[in-house]
Amino acid sequence: MISKEELTEFLHSEFPQTKCSIDEVGNRGAIVRHTVGQDELRPGGTVSGPVMMTTADVALYVAILGEIGLVPLAVTTNLTINFLRKPSAQKDIIGKCSLIKVGRTLVVGEVELYSDGEAEPVAHVIGTYAIPPTKVNND
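UniProt numbering puts the first residue of the sequence shown at 1, with every later residue one more than the last.
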């Protein structure tokens, strides 16, 4: 298992543009936070869909890497989001991920997105990641 600190360092190194940070990782899950500011809002004073999708995708990625180790080339193959209610424009988006199935080549996870401090989710996400095959040394 990889630590929160190692994953944080990895995200900063490989994805310096992300506004997501890791709150927790482990036990086949993760909690990430996406800072919300003016750039994350859409007309109508709500957090944009792409910001919520990004948060869910990062939560899945962090949970997966926390479970299987640093496999940078693990990639999203499917992401389905249901928007449930309007998120707050003044609160960070929190993504709570739990992995449903961890296989050799595919991982399926579920993410609930919240406005920080709110009890009701603003979106529900199911995602699938492909895990690249490990190279076998044929010497």
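Just so you know, even glycine gets a beta-carbon here, dropped at the ideal spot from N, CA and C.
| Item | Value |
| --- | --- |
| For residue 144, which residues does DSSP report across the bridge? | Here the chain has residues from 1 to 139 only, and residue 144 is not among them. |
| Short check: CB of G127 to CB of D57, under 8 Å? | yes |
| Roughly how many angstroms separate the alpha carbons of S3 and G66, rounded to a whole number? | 7 Å |
| Tell me which residues share the same chain as G45 and place their Cβ nearer than 7 Å to its Cβ, disregarding the 5 neighbours each side in the sequence. | A89 |
| Output the residue ranges of the beta strand (DSSP E) runs that lie fully inside the UniProt domain "Thioesterase" (44 to 120) and measure 3 residues or longer, sorted by chain position. | 75 to 83, 93 to 102 and 106 to 115 |
| Taking buried to mean at least 16 other C-beta atoms within 10 Å of its own C-beta, is R104 buried or exposed? | exposed |
| Between E6, K86 and T134, which lies nearest to A74 when the distance is taken from Cα to Cα? | T134 |
| Contact between the stretch 24 to 40 and the stretch 70 to 85 is defined here as three or more beta-carbon pairs at a separation below 8 Å; is this criterion met? | no |
| Could you name the residues of the same chain whose beta carbon sits closer than 6 Å to that of H12, not counting the 5 residues immediately before and after it, in chain order? | none |
| Start and end of the alpha helix (DSSP H) containing T8? | K4 to E14 |
| Where does A63 land, buried or exposed, given buried means 16+ other C-beta within 10 angstroms? | buried |
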